[in-house]
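Visitor: Could you have a look at this structure, given as structure tokens, before my questions?
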DNA sequence: GTTCTAGAAC
DNA sequence: GTTCTAGAAC
């Protein structure tokens, strides 16, 4: 609705272009000279003298320390290159989001970067930013290579944003390829630690190891990957020109990006706490919760940010109504950003309704009577919809906001015990019906479905629903965390040990009894059907396996 | 989470 | 040729 058509080439951009020194010297010089300010007035920036109090953006690295040290986020225009998003609409969104954030970031600065001084998106944004009277000290545009802002552009940015692809993989072209290339292996590894993938509209903050060239050479401490909407039919998740959705997603992307930056600024304690909090609650209220539902209440959003690195603009419903009194610690540091599980969080978002299924059942089990085996105040028990063995049930926690093992802390220990006890009860019930079964109780390190759930699964794995490597490895590698171990870890360390999905779920296929390797799922399954070897000793210890005394003697 | 299916593996 | 995997879409 706000996207008023403007002329293709705003007058001010032309004047800016003309005022760029007509120098073909080195590209570096040209980039420096082309450093443009939000006001659109370039001529005085071409040299080194800037307005009173203004940043020495073009200055040497040894410039004014206080100004140079201002936290600065350099970001490319999201989705307007390869993803072919309309420039007018994109520039409106950029300016709109910048206007909302820029005054809430203390002395921190936002810089829109593009390689070419002919960039149309830069000129559009400059024009619109000056129309909105955005403080040009805190927001400006810059022409240069985003991976060489300090070494070649003389601009110190401690955080840079990357227009990433949904797989968060290097390659492709443009900014993504350049940033991954400049960041080196260290960036790839650090990225994988934070997230495996990202849906459009989301951002993930990646702290950069000091081994990364971007860190040493450019002084970049964090990279924030952002995925914007795609309007290019040649690329995944194309929106087919649906600009209603596209604009919404692009807005979410910038909100996520700026919130991510805000969390970095806050963690570096350069901002009074209140300002970011206020900002976030304001953003949240204005866009995401028109219904005024209270936001979630993480007790330490910073910690959670670091652990999960996701900054979602879209809040899942986490009203405080349920179990509020036990969970809401009202920590003064409580951020208002809702961060979901890093792997499924990105997948879970709006389009992943299946990922909500357990949550819906846990919150309103009476509406799903056919699926539910047992209901208590704390948990519900249900048959897995796609059982991976003859017997496979889930014990689902009914705590609001407890999505996965990563969320579990010491205060949930009693809940874990309750879930384990109920899981045992059901295993024993099944054993009573068929004493040849063997059960294992445990959690997935990174579950696909929201809402903490304990798997109670028989070890025959005799099921047509067990179809692929991921299915097998999710129950037969360290990705599967035995309930007894989880309780022990939470009790002694305050949290459970989690295993990486990428490394665990792609492991070779091995029989869970004799540990023999098999080339594919069908061959593995036919082996498993016949293998009568005893279980590995680790599984026979500490009650990790639940079986009848008769079976114990066979296996021992 | 599943389904569908292209293309790799056999 | 068929079987199987793995990525995209849902």
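Residue numbers (full-length UniProt numbering): 1 to 556.
By construction, the Cβ of each residue, glycine as well, lies at the ideal position given by its N, Cα and C atoms.
All of these numbers come straight from a predicted model, not from anything done at the bench.
#1: Is residue 395 closer than 8 Å to residue 408 when the C-beta atoms are compared?
#2: Determine the DSSP secondary structure at residue 458, reduced to helix, strand or coil.
#3: To the nearest angstrom, how far is it from the Cα of residue 200 to the Cα of residue 550?
#4: Verify whether the separation of the beta carbon atoms of residue 438 and residue 545 is less than 8 Å.
#5: Is the separation between the beta-carbon of residue 134 and that of residue 98 shorter than 8 Å?
#6: To the nearest whole angstrom, what separates the beta carbons of residue 486 and residue 426, a pair I think is in contact under 8 Å?
#7: Would you mind working out which of 415, 428, 508 and 104 sits nearest residue 491, comparing C-alpha positions?
#8: Give the C-beta separation of residue 521 and residue 468 to the nearest angstrom, bearing in mind that I take them to be a contact with Cβ-Cβ under 8 Å.
#9: From the DSSP output, in three-state form, read off residue 442 for me.
#10: My output table needs one value for residue 191: the three-state DSSP class, helix, strand or coil.
#11: Which residues bound the alpha helix (DSSP H) around residue 127?
#12: Please classify residue 225 as buried or exposed, where buried requires at least 16 neighbouring CB atoms within 10 angstroms.
#13: Give the DSSP-derived three-state secondary structure of residue 226 in the structure shown.
#14: With a cut-off of 8 Å on the beta carbons, I'd call residue 223 and residue 206 a contact; round off their distance for me.
#15: Please classify residue 365 as buried or exposed, where buried requires at least 16 other C-beta atoms within 10 Å of its C-beta.
#16: Going by Cα to Cα distance, which pick from 422, 372 and 446 is closest to residue 402?
#17: How is residue 101 classed by DSSP in three states: helix, strand or coil?
#18: CA-CA distance, residue 168 and residue 188?
#19: Can you determine whether any heavy atom of the ligand HEM sits closer than 7 Å to the C-beta of residue 480, and answer yes or no?
#20: For residue 411, which residues of its own chain have a beta-carbon under 6 Å away from its beta-carbon, when the five flanking residues on both sides are left out?
#21: Looking at the unbroken beta strand (DSSP E) that takes in residue 160, where does it start and where does it end?
#22: For residue 355 and residue 91, I'd like the C-alpha separation in whole angstroms.
#23: Can you grab the Cα-Cα spacing for the pair residue 370 / residue 538, in whole Å?
#24: Should the region 161-178 be regarded as contacting the region 99-106, the criterion being three or more beta carbon pairs within less than 8 Å?
#25: Drop a sphere of 10 angstroms on the beta-carbon of residue 251, count the other beta-carbons inside from all chains shown, and report buried for 16 or more, exposed for fewer.
#26: Using beta-carbon positions only, say whether residue 165 and residue 173 come within less than 8 Å of one another.
#27: When you compare only the Cα positions, how much space is there between residue 101 and residue 391?
#28: Please classify residue 202 as buried or exposed, where buried requires at least 16 neighbouring CB atoms within 10 angstroms.
#29: Closer than 6 Å by C-beta to residue 547: which residues in its own chain qualify, once you throw out the five before and the five after it? Chain order, please.
#30: Quick check on residue 496: does DSSP put it in helix, strand or coil?
#31: Candidates 406, 533, 504 and 502: which alpha carbon is nearest residue 516's?
#32: Could I get the ranges of all uninterrupted alpha helix (DSSP H) runs contained in the region 495-554, with 4 residues as the minimum, in chain order?
#33: Of the choices 148, 69, 442 and 423, whose alpha-carbon is the least far from that of residue 482?
Guide: In short:
#1: The residue labelled residue 408 in the question sits at position 408 within the first chain. The residue labelled residue 395 in the question sits at position 395 within the first chain. It is not a contact, given that the beta carbons lie outside the stated cut-off.
#2: For this step, residue 458 is matched to residue 458 along the first chain. Residue 458 sits in a strand when the DSSP states are folded into three classes.
#3: By 1-based counting over the first chain, the position of residue 200 is 200. By 1-based counting over the first chain, the position of residue 550 is 550. Cα to Cα, residue 200 sits roughly 54 Å from residue 550.
#4: Along the first chain, read from residue 1 onward, the residue named residue 438 stands at position 438. Along the first chain, read from residue 1 onward, the residue named residue 545 stands at position 545. Residue 545 is positioned such that its CB atom lies closer than 8 Å to that of residue 438.
#5: Start at 1 with the first residue of the first chain, and residue 134 comes out as number 134. Start at 1 with the first residue of the first chain, and residue 98 comes out as number 98. Contact flag set, yes.
#6: The residue labelled residue 486 in the question sits at position 486 within the first chain. The residue labelled residue 426 in the question sits at position 426 within the first chain. Rounded, the Cβ-Cβ distance is 18 Å, inconsistent with contact.
#7: The residue you call residue 491 lines up with position 491 of the first chain. In terms of Cα proximity to residue 491, the closest of 415, 428, 508 and 104 is 415.
#8: What you label residue 521 is simply residue 521 of the first chain in a count that begins at 1. What you label residue 468 is simply residue 468 of the first chain in a count that begins at 1. Taking 8 Å as the upper bound for CB-CB distance, residue 521 and residue 468 are in contact here, some 6 Å apart.
#9: As a first step, residue 442 is located in the first chain; it is residue number 442 there, counting from the start. Of the three classes helix, strand and coil, the one that applies to residue 442 here is strand, per DSSP.
#10: Numbered from 1 along the first chain, position 191 holds the residue referred to as residue 191. Residue state, collapsed to three classes: helix.
#11: By one-based count along the first chain, residue 127 stands at place 127. Here the alpha helix (DSSP H) through residue 127 covers 120-131.
#12: Along the first chain, read from residue 1 onward, the residue named residue 225 stands at position 225. The residue is buried, with at least 16 neighbouring Cβ atoms inside 10 Å.
#13: As a first step, residue 226 must be located in the first chain, where it is residue number 226. In this structure, residue 226 counts as strand in the three-state DSSP scheme.
#14: Counted from its first residue, the first chain places residue 223 at position 223. Counted from its first residue, the first chain places residue 206 at position 206. Residue 223 to residue 206, Cβ: 5 Å. Contact.
#15: Translated into positions along the first chain, residue 365 becomes position 365. Under this definition residue 365 is a buried residue.
#16: Here residue 402 refers to the residue found at position 402 when the first chain is read from its first residue. Scanning 422, 372 and 446 for the CA closest to the CA of residue 402 turns up 446.
#17: Counting from one through the first chain, the residue named residue 101 turns up at place 101. DSSP places residue 101 in helix when its eight states are reduced to three.
#18: Reading the first chain from its first residue, position 168 is the one you call residue 168. Reading the first chain from its first residue, position 188 is the one you call residue 188. If you take the alpha carbons of residue 168 and residue 188, they lie about 9 Å apart.
#19: Ligands are entirely absent from the displayed structure, and the ligand HEM is therefore not among its contents.
#20: Start at 1 with the first residue of the first chain, and residue 411 comes out as number 411. Cβ neighbours of residue 411 within its own chain (closer than 6 Å, five residues either side excluded): none.
#21: Residue numbering aside, residue 160 sits at position 160 when the first chain is read from its first letter. For residue 160, the uninterrupted beta strand (DSSP E) run begins and ends at 159-163, by DSSP.
#22: Numbered from its first residue, the first chain carries residue 355 at position 355. Numbered from its first residue, the first chain carries residue 91 at position 91. Distance from the CA of residue 355 to the CA of residue 91, rounded to the nearest whole angstrom, comes to 34 Å.
#23: On the first chain, position 370 is the one that residue 370 refers to. On the first chain, position 538 is the one that residue 538 refers to. Taking the straight line from one Cα to the other gives about 37 Å.
#24: As far as the Cβ criterion goes, the region 161-178 does not touch the region 99-106, which means the pair count is below three.
#25: Working through the first chain from its first residue, we reach residue 251 at position 251. Buried is the call here.
#26: For this step, residue 165 is matched to residue 165 along the first chain. For this step, residue 173 is matched to residue 173 along the first chain. In this structure, residue 173 does not lie closer than 8 Å to residue 165 by Cβ.
#27: Counted from its first residue, the first chain places residue 101 at position 101. Counted from its first residue, the first chain places residue 391 at position 391. For the pair residue 101 and residue 391, the Cα-to-Cα distance works out to about 52 Å.
#28: Here residue 202 corresponds to residue number 202 of the first chain, with the count starting at 1. It is buried - the Cβ of residue 202 has at least 16 other Cβ atoms within 10 Å.
#29: Counting from 1 along the first chain, the entry for residue 547 is found at position 547. Cβ contact annotation for residue 547 (same chain, cutoff 6 Å, sequence separation greater than five): 438, in chain order.
#30: As a first step, residue 496 is located in the first chain; it is residue number 496 there, counting from the start. Residue 496 falls in the coil class under three-state DSSP.
#31: Counted from its first residue, the first chain places residue 516 at position 516. Checking every option, the nearest Cα to that of residue 516 belongs to 533.
#32: Segments of the alpha helix (DSSP H) lying fully in the region 495-554: 501-505, 521-530 and 537-540.
#33: Start at 1 with the first residue of the first chain, and residue 482 comes out as number 482. Closest option to residue 482, Cα to Cα, is 442.
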